[in-house]
Amino acid sequence: MKVNEVPQDDANLFEGKTRDLQYALNEDGKYTTVKSVGWEPKNIAMIQAWDYENYKISEAKRLVTEGKMSPIFFQMKRCLMDIKLLSAYTGFSRFKIKRHFKPDKFKKLSEENLDKYVYAFGLKKREDLYIITTDED
Amino acid sequence: MKIDFKHNMSAHCENGVISNLLRFHGINLSEAMIFGIGSGIFFSYLPFFKLNGIPVTSFRPMPGTIFRNTSRALGIKMHVEKFRDPEKAMQGLDINLSRGIPTGMVIGVFHLTYFPAPYRFHFNAHNIIAIGRENGSYLISDPVMEKVEKLSYDDLKRVRYAQGIAKPNGKMYFIESVPVDIDLNSAIKKGLRRTVFEMVKLPGPIIGVTGIKYLSNRVRIWPSKYGEKEAARYLGQIVRMQEEIGTGGAGFRFLYAAFLQEASEILENDALNNTSQQMTKTGDKWREFAVMASRICKGRQTTETYARLADFLLDIANDEKQVYLAIEKSLKLNER
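Protein chains in written order, with the working numbering: chain G, 692 to 828; chain U, 202 to 537.
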């Protein structure tokens with residue numbers, strides 16, 4: 692790949708926060724680095740992976756709005772976690788987490804226990820647990 | 202308080218951290234050089250190790266390999282520490298910073314607040330360097346970011362104690378001492394030999410050039426075995442591993458070609474320079490492969506088929522094999 696061939700296909704995947712460093716040949720045939728905002732095949736693959744995750748997240752959202760599942764379930768999916776990983780972050784057993792998926796059990800959670808979830812999901816405050824918005828909203 | 206530390210961006214985090222730390226200690230080695238000495242180029246297809254239900258195709262060795270290889274080859278003394286207690290881990294870091302020691306850490310990227318959201322997966326082998334504290338937050342030199350970033354105490358603690366596969370457990374490291382003289386030539390040769398061994402000599406079907414051939418055989422049967430939709434996801438995973446942040450393009454092949462070029466000048470070995478050009482060509486082919494694969498991923502009407510992709514992979518495998526054999530041959534020239 693030559694310097695002038697380094698693609699700049701922006702799909703806003705870097706959100707303007709950084710760029711990719713690519714190695715390419717300059718006019719003298721020497722390797723140098725070029726910053727790139729993206730490349731279409733890679734963007735396609737990234738978006739494909741996110742579409743797959745986002746589908747699961749929107750399904751979780753539906754279950755929560757229908758009152759079948761607690762917000763914990765949605766937040767878990769939003770954070771691309773499974774019960775095992777969530778258990779590692781919170782210290783709750785898998786069995787307990789499954790109980791917390793039930794809306795009535797979730798309501799009875801103490802503030803202390805809620806904070807463990809707030810930490811695991813990287814949220815700022817307890818109220819954020821109840822925000823169930825997806826990227827599509 | 203900020204340590205006088207030059208932040209240089211790199212393609213791959215592990216190389217970047219080592220290169221930046223070494224520069225702080227007065228040793229100037231490029232990212233490509235570190236990558237080559239550490240034998241960072243690799244290929245493996247792991248049918249039994251799945252991420253999100255997809256068998257992993259990897260263009261890199263296990264995290265930490267480049268680290269181990271380079272510090273051994275160059276004779277750098279590293280201090281590595283893990284902590285059971287997160288508070289102690291943060292204390293250890295603070296003590297280091299107050300002594301003016303830039304300190305590397307292994308972290309998970311999922312909760313990394315300054316990272317672009319689409320790149321935040323549960324990946325626990327990212328490397329960063331803390332270079333100071335300012336108004337309660339830590340100054341972070343992250344090799345894949347363009348400028349120095351900031352992290353709060355809580356955010357840093359969270360990523361240092363990320364959970365899941367290969368959790369970092371607050372791992373931190375710093376250079377204790379560097380040797381007065383570095384035998385760069387022998388380090389380069391060692392790295393080259395190891396790469397040749399891993400890519401063409403290592404027995405077993407899943408690693409190196411044979412791994413690419415194995416992947417080719419699998420790709421051929423994916424659509425009939427898993428259905429079109431699932432097979433497309435499998436393909437997407439290869440493209441992501443190949444091109445996602447940190448590879449420098451074409452699954453590290455261009456980065457390695459850059460190393461070969463630099464090495465040929467240091468060893469005064471023209472044959473090695475030719476292998477760099479060969480490696481660039483295989484890199485270009487990997488890029489072409491990604492283009493073809495992504496067309497299938499997108500699900501548009503296309504003439505690309507899995508059989509064609511499989512053939513193309515075989516072609517790449519054969520080309521790469523020639524490159525490594527040529528490297529081996531050129532090394533023999535150097536011994537004369």
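Ideal placement from N, C-alpha and C gives every residue a C-beta, glycine not left out.
- Its Cα nearest to that of residue 399 of chain U, the residue U/263 stands out among U/225, U/250, U/263, U/227.
- In the assembly as shown, residue 359 of chain U is a buried residue. Its beta-carbon has 16 or more other beta-carbons within 10 Å.
- Contact between the stretch 457 to 467 of chain U and the stretch 766 to 776 of chain G is absent, with fewer than three C-beta pairs closer than 8 Å.
- Among the residues facing chain U, residue 735 of chain G is included, as its CB has a counterpart in that chain under 7 Å away.
- Put simply, the stretch 228 to 243 of chain U does not touch the stretch 812 to 823 of chain G. Fewer than three CB pairs are less than 8 Å apart.
- Boundaries of the beta strand (DSSP E) around residue 333 of chain U: 327 to 335.
- Here residue 418 of chain U is exposed: its Cβ has fewer than 16 other Cβ atoms, across all protein chains shown, within 10 Å.
- Residue 798 of chain G sits in a helix when the DSSP states are folded into three classes.
- Contact check for residue 314 of chain U against residue 356 of chain U passes: the beta carbons are separated by less than 7 Å.
- Annotated three-state conformation of residue 701 of chain G is coil, per DSSP.
- Looking from the CA of residue 277 of chain U, the closest CA among U/287, U/410, U/350, U/219 belongs to U/219.
- In the three-state scheme derived from DSSP, where H, G and I count as helix and E and B as strand, residue 234 of chain U is classed as helix.
- Residue 704 of chain G sits close to residue 737 of chain G, with the two beta carbons spaced by under 7 Å.
- By a beta-carbon distance limit of 8 Å, residue 522 of chain U contacts residue 410 of chain U. Their separation comes to about 5 Å.
- If you look at residue 265 of chain U, you'll find it isn't in any alpha helix (DSSP H); DSSP assigns it neither H nor E.
- Close to residue 813 of chain G, with beta-carbon spacing below 9 Å, are these residues of chain U in chain order: 311, 312, 314, 356, 359.
- Chain U places a beta carbon closer than 7 Å to that of residue 780 of chain G, counting this residue as a contact.
- Chain-order list of chain U residues neighbouring residue 820 of chain G: empty, with the shortest C-beta distance near 16 Å, by a criterion of under 7 Å.
- Pairing residue 484 of chain U with residue 451 of chain U gives a Cβ-Cβ distance under 7 Å.
- Residues of the stretch 757 to 788 of chain G with a C-beta atom less than 8 Å from some C-beta of chain U are 770, 771, 772, 776, 779, 780, listed in chain order.
- Between residue 710 of chain G and residue 697 of chain G, the C-beta gap is not smaller than 7 Å, which leaves the two residues out of contact.
- Residue 714 of chain G carries a strand assignment under DSSP once its states are collapsed to helix, strand and coil.
- Against chain U, a Cβ distance below 9 Å from residue 731 of chain G picks out 492, 495.
- Residues 493, 496, 497 of the same chain have their beta carbon placed closer than 6 Å to that of residue 505 of chain U, with the five preceding and five following residues left out of the count.
- Excluding the 5 residues flanking it on each side, residue 239 of chain U has same chain C-beta neighbours closer than 6 Å at 267, 270, 271, in chain order.
- For residue 373 of chain U, DSSP records a beta bridge to U/282, U/306.
- Straight through space, the alpha carbons of residue 489 of chain U and residue 516 of chain U are spaced by roughly 12 Å.
- In the pairwise beta carbon analysis, the stretch 281 to 288 of chain U is classified as not touching the stretch 343 to 352 of chain U: fewer than three pairs are separated by under 8 Å.
- For residue 255 of chain U, the beta-bridge partners assigned by DSSP are U/252.
- Residue 784 of chain G sits exposed, since fewer than 16 C-beta atoms from the chains shown fall within 10 Å of its C-beta.
- Under DSSP, the beta-bridge partners assigned to residue 341 of chain U are U/331, U/350.
- Here the alpha carbon of residue 750 of chain G sits roughly 15 Å from the alpha carbon of residue 772 of chain G.
- If the five residues before and after residue 375 of chain U are omitted, its C-beta is found closer than 8 Å to the C-beta atoms of 222, 279, 280, 297, 302, 303, 304, 305, all from its own chain and listed in chain order.
- Residue burial is scored here from C-beta neighbours: residue 324 of chain U has at least 16 other C-beta atoms within 10 angstroms and is therefore classed as buried.
- Judged by beta-carbon spacing, residue 214 of chain U lies beyond the 7 Å limit of residue 386 of chain U, meaning their Cβ atoms are not closer than that value.
- Against chain U, the beta carbon of residue 805 of chain G has no neighbour under 8 Å; the closest one sits roughly 17 Å away.
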